[in-house]
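Visitor: Numbering (this note's numbering), first residue to last: 1 to 627.
We treat Cβ as the ideally placed atom computed from N, Cα and C, and that holds for glycine.
1. If you draw a straight line from the C-alpha of residue 596 to the C-alpha of residue 448, how long is it?
2. Where DSSP assigns a beta bridge to residue 74, which residues make up the other side?
3. Check the DSSP bridge columns for residue 555 and list the partner residues they point to.
4. Can you tell me where the alpha helix (DSSP H) holding residue 245 begins and where it ends?
5. Residue 190 to residue 435, Cα distance in whole Å?
6. Buried or exposed, going by whether 16 or more other CB atoms sit within 10 Å of the CB of residue 128?
7. Checking the sheet assignment: what are the DSSP bridge partners for residue 92?
8. Which runs of the beta strand (DSSP E) at least 3 residues long sit entirely within the stretch 435-522? Give them in chain order.
9. Quick check on residue 429: does DSSP put it in helix, strand or coil?
10. Per DSSP, residue 67 is paired with what?
11. Between which two residues does the alpha helix (DSSP H) carrying residue 546 extend?
12. Within 10 angstroms of its Cβ, does residue 188 collect 16 or more other Cβ (buried), or is it exposed?
13. Can you tell which of 339, 362, 340 has the C-alpha that lies nearest to the C-alpha of residue 350?
14. How should residue 549 be labelled, buried or exposed, when 16 other C-beta atoms within 10 angstroms of its C-beta is the threshold for buried?
15. What three-state label does DSSP hand residue 531 in the structure shown?
16. Under the DSSP definition of a beta bridge, which residues are partnered with residue 601?
17. Tell me where the alpha helix (DSSP H) around residue 104 begins and ends.
18. List in chain order: all unbroken beta strand (DSSP E) runs of 3+ residues lying wholly within the stretch 365-404.
19. Tell whether a beta-carbon distance below 9 Å holds between residue 487 and residue 558.
20. Using a 10 Å radius around the Cβ and a threshold of 16 neighbouring Cβ atoms, would you call residue 92 buried or exposed?
21. Any idea what DSSP makes of residue 580, helix, strand or coil?
22. Got a sec? Which residues, its chain only, sit under 6 Å from residue 445 by beta carbon, not counting five neighbours each side?
23. Under the three-state reduction of DSSP, which class applies to residue 125: helix, strand or coil?
24. Starting from residue 573, follow its DSSP beta bridges and name the residues at the other end.
25. Go through its chain and collect everything with a Cβ distance to residue 568's Cβ below 6 Å, but skip five positions before and after it.
26. Going by C-alpha distance, which of 623, 545, 462 is nearest residue 607?
27. Beta-carbon of residue 426 versus every beta-carbon of chain D: anything under 9 Å?
28. With H, G and I counted as helix, E and B as strand and the rest as coil, what does DSSP make of residue 181?
29. Return the CA-CA distance between residue 207 and residue 423, expressed in angstroms with no decimal places.
30. Looking at residue 382 and residue 353, is the spacing between their C-beta atoms short of 9 Å?
31. Residue 513 to residue 275, Cα distance in whole Å?
32. What do you reckon, are the CB atoms on residue 262 and residue 235 nearer than 9 Å?
33. If you follow the beta strand (DSSP E) that residue 352 is part of, which residue opens it and which one closes it?
34. If we ignore side chains and look at the alpha-carbon of each, how far apart do residue 211 and residue 272 end up?
35. On the criterion of 16 or more Cβ atoms from any shown chain inside 10 Å, does residue 135 qualify as buried, or is it exposed?
36. Taking 8 Å as the limit between beta carbons, can you name the residues of its chain near residue 590, skipping five residues before and five after?
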């Protein structure tokens with residue numbers, strides 16, 4: 001995880017993307033070096049929590065899980081636990097959990113995915129926990145699936161044993177569902193993706209083979225005699241991406257997905273307007289080494305993942321010469337278009353607005369695209385990082401000024417179990433009215449508001465031409481940057497959306513890159529960022545040729561921002577050649593000239609919300625509760 005410290009976790013399951021940090025020297029693609037890289041990235045911090053159910057009194061006229069959002073802070077919730085907790089069942093005694101069972105689901109793969117060297121039957125391994133319900137009662141299932149069960153480590157010097165197998169409820173979703181949902185009449189399933197854990201075949205990181213295996217497990221779960229036919233997927237990071245994979249060519253039994261910071265595509269994860277993150281260079285290789293022990297496991301690599309590590313180099317260095325499209329690797333791992341076309345279930349999006357692992361631009365405009373496709377969608381977006389909404393201790397340790405700290409402690413949603421339970425009750429059991437499609441958004445000062453869509457429908461643009469700003473330079477390169485200062489407004493600027501920066505630039509090379517960071521200049525507080533390679537100046541995935549010394553307009557779009565700039569405070573935008581963990585461009589030494597005049601514009605999406613506006617809502621005050 002970026003902007004956070006790594007820590008070793010004992011006897012827990014890894015549930016995070018592999019996120020390498022930049023280093024010096026050329027990448028060595030030998031297996032030994034790959035394993036060394038993987039070791040470094042095995043110990044990524046994830047939010048874990050022990051969940052203990054506790055009694056919650058309620059005398060409401062509706063079911064407790066139907067409590068309106070604006071009233072939920074008044075509920076008598078147990079706020080003393082590490083994660084949010086459900087009340088005990090109201091219509092029955094809590095169901096006991098039956099001993100888990102293990103199953104192997106046979107998968108019929110397309111001919112293109114039947115890799116040479118893997119002649120055994122293609123099987124997905126599933127662990128299943130059922131509630132002890134009366135005979136004849138059927139139940140829905142909540143599944144989580146990822147490659148981190150039995151996650152590499154065994155045999156690696158100084159690393160220790162593997163993470164737990166999928167027969168142990170994992171420290172992210174599994175344990176939470178086990179402790180809270182099974183007693184309410186839900187089943188829990190945990191599965192390993194192909195080539196990991198006990199699942200056979202080869203590891204095809206987010207490719208068609210992996211997608212097909214996930215979809216087969218969903219279909220199998222929906223057809224079992226104990227099942228009511230409804231399956232929901234839920235998970236964070238890679239375990240969130242598998243939700244999108246399931247929905248690409250979905251089983252009729254897939255009714256809802258809850259992707260928590262799960263990328264909508266592999267290229268989308270590592271490239272922003274053509275700017276490349278460092279970790280893209282070792283992504284596939286690191287996964288292959290990390291999920292294969294140095295003991296009994298075989299290196300189960302699909303042919304696509306032999307190609308994958310080459311793509312970042314071709315994309316970064318030779319984009320406009322077909323580097324990004326020299327094979328179908330990216331297209332096969334672009335999940336969202338298939339979801340929009342084929343999926344007719346529901347989606348509950350969960351994202352940290354300060355997530356530097358899977359950036360929030362994966363959620364917006366995805367939310368609106370889903371709504372436009374007729375897919376019921378809800379979102380909850382707080383100022384946390386690559387974590388769950390209900391992790392107070394993790395939130396406190398994972399944020400810093402300008403990266404979410406201003407929103408703590410209000411960012412921790414200790415009503416989230418109630419929130420998601422109501423979602424599952426409708427979509428998996430058909431209980432209650434259909435939940436509203438909306439976005440619960442947290443501003444950078446901690447305040448929460450709910451919007452039908454985001455950016456809000458009543459958003460208005462403030463357009464500022466750069467002849468109105470002051471600047472301390474006119475070029476950006478590896479050795480120079482510039483700062484632009486936008487004068488303060490008489491009124492507070494409530495930025496809610498995706499600001500744009502359309503920069504007129506003159507190139508000095510066949511390429512070039514700009515990283516823009518926005519600040520509350522008066523407070524010295526970071527607000528957000530944008531990045532773009534000039535070859536991708538119009539956005540999207542298609543590069544365009546750049547002619548040295550020609551002038552182009554770079555249509556940059558900031559990552560989603562929900563922040564308040566008080567009246568009287570200046571805004572500054574710092575332009576550098578690169579930033580955070582993005583790679584410099586090949587043209588970094590020469591850089592680009594920036595035209596600080598009327599040909600360049602900054603556009604801010606602003607909304608007005610009075611203190612008494614109905615969009616504001618309070619969240620349960622856990623921070624004043626004594627344990």
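Guide: Taking the definition as stated:
1. One-based indexing of the chain shown puts residue 596 at position 596. One-based indexing of the chain shown puts residue 448 at position 448. Residue 596 and residue 448 have their alpha carbons spaced roughly 36 Å apart.
2. Mapped onto the chain shown, residue 74 falls at position 74. The secondary-structure analysis by DSSP pairs residue 74 with nothing; it has no beta-bridge partner.
3. As a position in the chain shown, residue 555 is number 555, starting the count at 1. 502, per the DSSP bridge assignment.
4. In the chain shown, residue 245 corresponds to position 245, counting from 1. Run containing residue 245: 238-248, per the alpha helix (DSSP H) assignment.
5. The sequence position of residue 190 within the chain shown is 190, counting from 1. The sequence position of residue 435 within the chain shown is 435, counting from 1. Cα to Cα, the separation comes out at about 26 Å.
6. Mapped onto the chain shown, residue 128 falls at position 128. By the 10 Å Cβ count, residue 128 comes out buried.
7. Here residue 92 refers to the residue found at position 92 when the chain shown is read from its first residue. Looking at the DSSP assignment, residue 92 forms no beta bridge with any residue, so it has no partner.
8. Assignment of beta strand (DSSP E) within the stretch 435-522, counting only whole runs of 3 or more residues, yields 439-442, 448-451, 460-465, 482-486, 493-497, 500-507, 513-520 in chain order.
9. Taking the chain shown and counting its residues from 1, the one referred to as residue 429 is at position 429. Of the three classes helix, strand and coil, the one that applies to residue 429 here is helix, per DSSP.
10. On the chain shown, residue 67 is found 67 positions in, with the first residue counted as 1. For residue 67, which the question treats as bridged, DSSP gives no partner whatsoever.
11. Here residue 546 refers to the residue found at position 546 of the chain shown. Premise fails: residue 546 is in no alpha helix (DSSP H) and is neither H nor E.
12. Residue numbering aside, residue 188 sits at position 188 when the chain shown is read from its first letter. With 16 or more other Cβ atoms within 10 Å, it is buried.
13. Position 350 of the chain shown holds residue 350. When only C-alpha atoms are compared, the closest one is 362.
14. Here residue 549 refers to the residue found at position 549 when the chain shown is read from its first residue. By the 10 Å Cβ count, residue 549 comes out exposed.
15. As a position in the chain shown, residue 531 is number 531, starting the count at 1. Three-state result, residue 531: strand.
16. Reading the chain shown from its first residue, position 601 is the one you call residue 601. Per DSSP, 465, 502.
17. Looking up residue 104 in the chain shown gives position 104. Looking at the DSSP string, residue 104 is not in any alpha helix (DSSP H); the run it does join, the beta strand (DSSP E), is 101-106.
18. Those beta strand (DSSP E) runs which fall completely within the stretch 365-404 and span 3+ residues are 377-382.
19. Within the chain shown, the letter at position 487 stands for residue 487. Within the chain shown, the letter at position 558 stands for residue 558. Their beta carbons are not under 9 Å apart, which means residue 487 does not touch residue 558 by this criterion.
20. By one-based count along the chain shown, residue 92 stands at place 92. Around the CB of residue 92, fewer than 16 other CB atoms lie within 10 Å, so the residue is classed as exposed.
21. Reading the chain shown from its first residue, position 580 is the one you call residue 580. Residue 580 falls in the coil class under three-state DSSP.
22. Sequence index remark: in the chain shown, residue 445 carries index 445 (1-based). Sequence-distant Cβ neighbours of residue 445 in its own chain, meaning closer than 6 Å and more than five residues away, are 406, 564.
23. Taking the chain shown and counting its residues from 1, one reaches residue 125 at position 125. Three-state DSSP puts residue 125 in a strand.
24. The residue given as residue 573 occupies position 573 in the chain shown. Bridge partners of residue 573: 484, 518.
25. Indexing the chain shown from 1 puts residue 568 at position 568. Only 488 meet the Cβ criterion.
26. By 1-based counting over the chain shown, the position of residue 607 is 607. For residue 607, the closest C-alpha among the options 623, 545, 462 is that of 462.
27. Protein chains in the displayed structure number just one, and chain D is not present.
28. As a working note, residue 181 is residue 181 in the chain shown. In the structure shown, residue 181 sits in coil (DSSP, three-state: anything other than H, G, I, E or B).
29. Start at 1 with the first residue of the chain shown, and residue 207 comes out as number 207. Start at 1 with the first residue of the chain shown, and residue 423 comes out as number 423. Cα to Cα, residue 207 sits roughly 29 Å from residue 423.
30. Here residue 353 corresponds to residue number 353 of the chain shown, with the count starting at 1. Here residue 382 corresponds to residue number 382 of the chain shown, with the count starting at 1. When the beta-carbon positions are compared, residue 353 and residue 382 come within less than 9 Å of each other.
31. Walking along the chain shown from the start, residue 513 turns up at place 513. Walking along the chain shown from the start, residue 275 turns up at place 275. When only Cα atoms are considered, residue 513 and residue 275 end up about 7 Å apart.
32. Your numbering for residue 262 matches position 262 in the chain shown. Your numbering for residue 235 matches position 235 in the chain shown. Yes, Cβ-Cβ distance for residue 262 and residue 235 is below 9 Å.
33. The residue labelled residue 352 in the question sits at position 352 within the chain shown. From DSSP, the beta strand (DSSP E) with residue 352 extends over 346-352.
34. Along the chain shown, one-based indexing puts residue 211 at 211. Along the chain shown, one-based indexing puts residue 272 at 272. C-alpha of residue 211 to C-alpha of residue 272: approximately 24 Å in a straight line.
35. Walking along the chain shown from the start, residue 135 turns up at place 135. It counts as exposed.
36. As a working note, residue 590 is residue 590 in the chain shown. Closer than 8 Å at the Cβ level, and outside the excluded window around residue 590, lie 477, 508, 509, 512.
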